[in-house]
Every structure is written in C-alpha cells, then in structure tokens.
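Quick note on numbering: the sequence shown equals residues -1 to 376 in our numbering. Note that the Cβ used here is the ideal one computed from N, Cα and C, for glycine as well. This one's a predicted model, so the numbers in the text were calculated from it and none came from an experiment. Scroll down for the structure; my scribbles are underneath it.
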Amino acid sequence: MNRIKRFLAANATSSLIAIVVGLLFGLCILLLSNPAQALRGLGIIVSGGFNGGGKGIGQVLYYATPLIMTGLSVGFAFKTGLFNIGAPGQLMVGAFAAVYAGANLTFLPGWLLWFVALLIGMLAGGLWGAIPGLFKARLNVNEVIACIMCNYIGMYGVNYLIKNTNVYDSLKYQTINIGQAAIPKWGLDKVFYSMKGNFVDSASVNGGILIAIVLAVLMHFVLNKTKFGYEFKACGYNRNASRYAGINEGRSILLSMVIAGMLAGIGGGLMYLSPASGLHIRVEEILSPQGFNGIPVALLGLSSPIGVIFSGIFIAYISQGGYYLQRLNYMPEVIDIIIAAIIYFSAFSLLVRNVIAAVVKRRDIKRETANGREEETP
-1 MNRIKRFLAA
9 NATSSLIAIV
19 VGLLFGLCIL
29 LLSNPAQALR
39 GLGIIVSGGF
49 NGGGKGIGQV
59 LYYATPLIMT
69 GLSVGFAFKT
79 GLFNIGAPGQ
89 LMVGAFAAVY
99 AGANLTFLPG
109 WLLWFVALLI
119 GMLAGGLWGA
129 IPGLFKARLN
139 VNEVIACIMC
149 NYIGMYGVNY
159 LIKNTNVYDS
169 LKYQTINIGQ
179 AAIPKWGLDK
189 VFYSMKGNFV
199 DSASVNGGIL
209 IAIVLAVLMH
219 FVLNKTKFGY
229 EFKACGYNRN
239 ASRYAGINEG
249 RSILLSMVIA
259 GMLAGIGGGL
269 MYLSPASGLH
279 IRVEEILSPQ
289 GFNGIPVALL
299 GLSSPIGVIF
309 SGIFIAYISQ
319 GGYYLQRLNY
329 MPEVIDIIIA
339 AIIYFSAFSL
349 LVRNVIAAVV
359 KRRDIKRETA
369 NGREEETP
C-alpha cells in the first residue's frame, strides 16, 4: 500500500512540476513579447476561465469535453502498448456519422435522437480505429503509420461524403443544421452563466461533459477491475510474456484500437451535436485539432482515465486563459507554446521519475539481498 501511495504521489508530482515549469517558460515568452504586460498576462493565464466568471468556467467545461474523450482514446491505447495517433480521423468519422444520423433519423423523438446519433458516431469511430488495429494485429504494420494514413483518408472521405449526401448546405459549405439532435444541457446553462446588465449570458456547456466524465470512470473500472482490462495492460507491459501466459495478443491489439476509436468517435459526436457548434460540420482541409490535442492530454494525465479528466479540464482552462490573454494584444499562439512546454517538461519529468524509481528499486533489491545473506550466516 505504501508503494502504491508513493507511486501515485510521484505521478502527481511529476505532472505538477511540469505545469509549474511550463508556466515559467511561458512567462519568459511573455517577457520577450511585451515585458510591461508579462506578469499581468501570466496572471490572466493562471486565472483561466475565471476571467469570464461563471460563463468562463462553463466554456472551459465545453472545450474540455472533446479533449477528455480524445485523451481517453490515446491514453487507453497507451495503456495497451499502442500509440493511437489516429484520434483526429476517428473523431471526424464519428462526428460525420453522428451528424448524418441526426439529420436522417428525424422520426425518432428528440430525447432519443441525440443518443442514437451518438451511438452511431461511436460505432463509426470504432470501425475506423479497427483498420490500423487489423494491420497491426495481422501484418505487424506500425500503428503510427497506419493511423496517420487513416487520418487523411478519413478527413477527405468525410469531405466527400458531406458534399455528396443529403446533409450538405452548398451555400454555407457545411452540413445542414440538425438542431433536433442537440445534446441536452441538463440545467448546466442555468449554473454557468454571467450577467450583462439584465441579460443572462449562458455558457456553451451541455450534458456532454457529464457523459465524458462517466465514460472516463467506466474506462478506469474496465482497465483496473476486470479481466478484460488486465489482459490489455499485460499486452502493453510485455507482449511476449502475455503471449506465453495464453493471452491472445492479436485480439487484444485489435480490440484496443476499436475501443480507442469508439472513444474518439463519441468525442466527435459530443463536439458536433452541441448547439454551440451550430450542429454542423464544415468542409475543412485540416485535421481536427481536438484530435491531436488528445495526445498531450493523455501524456499530462499519465494515460490514467481519471488523470485524463483533470488534464483535459486543465488544458481547456489555460486555453481559455489564452483567449482572454488577447486583451493585452498577445498573439493567441502564445498559449499553444505554453501547452507544448508543459507537455515537454511532463515527458522529461516522467523520464527523471522513472530513472529515480529504477535507482531506488536496485537499492532496495541490494538491501534485501544483503539482509538475506546476514540471516543465513550462523
């Protein structure tokens, strides 16, 4: 139990150190850009969503929702020894499937339509994640290469489908509005709002954040409390040993990528079935940044589903602070530099922690060996 507590404390400490060092690095960038406003700018970043009051906090939760889902997608694959860099493509495929379902299954009542659309988006993301999983399991093709190829195939495939289906609005170069499939707010707009005179300015947050948190808790349970999750993690730690133990390595790899794709697909559905998004997908020539941002969210959360909740909210929190930072005429890219620095130092602190842990482990082994020899000596 003490070892578990020390391990958890070391994980949390490494992430906190990375955040502090990353913010200090950000202060250096602010000093170089505009020394007179640097400290005030850092204060705005640290204040994050609180700069906007209740609405600002609600916006943080809104932007955190797809980050948590893509972070879960990448983190789940990490736990099983795979690098799912295909979350952007899986998110876009899942998003299109959810929007298409929302536009065509209008015979369903509204309370059921969004749920069915979200399930269809989940299945589409899972099927798209199965492609690199099959290549890895059957042909031992590196999943990073397969995922990158699937990202661009998915993006251009979604663009083609948007233009050639009945959900296309040619005047606006995007899918039609599907307001009837909107995810309910479940009263969160009544909690997170700001007053502008007599006008109530509600945040964009909806029930998606609650769904994301529930799914994160579910994935934590699956990974840590089920035989299913144990086999996944065993393959991630040592595939040769797991194969020797009778675990079907190929099945675990395929299912891992399918589940990762399903999580990213749900993230796309939650993102585009939100009223704040206009409930449509624009034809884009770039991959969704929310998919790629799932990688730093997973790294900062140390691939733990519970850690991903906090890291996703944190990334959204300081990103919202970066939005308010523009009041001081700083470029919005400054916050991206700070996030990148935090992730870099997170990986570095993790490396240092692992080195220290290895040294301590060797010292403990030597001590136990020495004590055993002393006990054997008459």
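Exercise for the section: From the DSSP output, read off the bridge partner residues of R280. Expected result: Q172
Identity of the residues DSSP links to Y166 by a beta bridge:
T173
Worksheet entry | Length at least 3, wholly inside the stretch 93 to 130: the beta strand (DSSP E) runs in chain order | none
Is it right to say I118 is buried, meaning 16 or more other beta carbons lie within 10 angstroms of its own, or is it exposed? buried
**Asked** Starting from L300 and walking both ways along the alpha helix (DSSP H), at which residues does that stretch end?
**Response** Segment: none, L300 is in no alpha helix (DSSP H) and carries neither H nor E.
Query raised in the report: Count the other CB atoms within 10 Å of the CB of R361; is the residue buried (16 or more) or exposed (fewer)?
Result: exposed
**Study point:** F190, DSSP secondary structure in three states
**Key:** coil
Stretch-stretch touch, CB-based, cutoff 8 Å, three pairs: the stretch 174 to 182 with the stretch 103 to 112: yes
Touching by the beta-carbon criterion (3+ pairs, under 8 Å), the stretch 87 to 97 and the stretch 251 to 267
yes
Q: Using the Cα positions of T104 and G87, report the straight-line distance between them to the nearest angstrom.
A: 26 Å
What are the partner residues of S200, as DSSP defines its beta bridges?
Y191
| query | For R237 versus E229, is the C-beta distance shorter than 8 Å? | reply | no
Going by DSSP, what residue range makes up the alpha helix (DSSP H) through S286?
Careful: S286 lies outside any alpha helix (DSSP H) and carries neither H nor E.
Does Q339 come out as helix, strand or coil in the three-state DSSP assignment?
The sequence as given places Ala at residue 339; Gln does not occur at that position. Of the three classes helix, strand and coil, the one that applies to A339 here is helix, per DSSP.
Buried versus exposed, by CB contacts within 10 Å (16 or more), S168: exposed
- Item | E141 to L271 span [Cα, whole Å] | 29 Å
So, are the CB atoms of Q45 and L298 less than 8 Å apart? The sequence given here has Ser at residue 45, not Gln. Against a cut-off of 8 Å, the Cβ pair of L298 and S45 comes out as no contact.
task: Give the straight-line distance between the Cα atoms of I311 and R241, rounded to the nearest whole angstrom.
output: 37 Å
Query raised in the report: Is the number of C-beta pairs between the stretch 71 to 85 and the stretch 139 to 156 that are closer than 8 Å three or more?
Result: yes
May I ask you to report which of helix, strand or coil DSSP gives L80? coil
Residues in its own chain within less than 6 Å of Y315 by CB, not counting five upstream and five downstream?
G46, G47, V58
| said: If you measure between the beta carbons of I304 and A214, is that distance less than 8 Å? | reply: yes
Among A258, I257, S71, K231, which residue has its Cα nearest to the Cα of I411?
Here the chain comprises residues numbered -1 to 376, so residue 411 is not present and cannot be evaluated.
Are I279 and I176 close, meaning C-beta to C-beta below 8 Å?
-> no
Query raised in the report: Roughly how many whole angstroms lie between the Cα atoms of Q318 and V256?
Result: 32 Å
### Message
I'd like to check one pair, G123 with V260: are the Cβ atoms closer than 8 Å?
### Response
Residue 260 is actually Met in this sequence, not Val. For M260 and G123, yes; Cβs fall inside 8 Å.
Return the CA-CA distance between A258 and I129, expressed in angstroms with no decimal places.
12 Å
**Asked** For S250, which residues of its own chain have a beta-carbon under 7 Å away from its beta-carbon, when the five flanking residues on both sides are left out?
**Response** T78, E229, F230, C233
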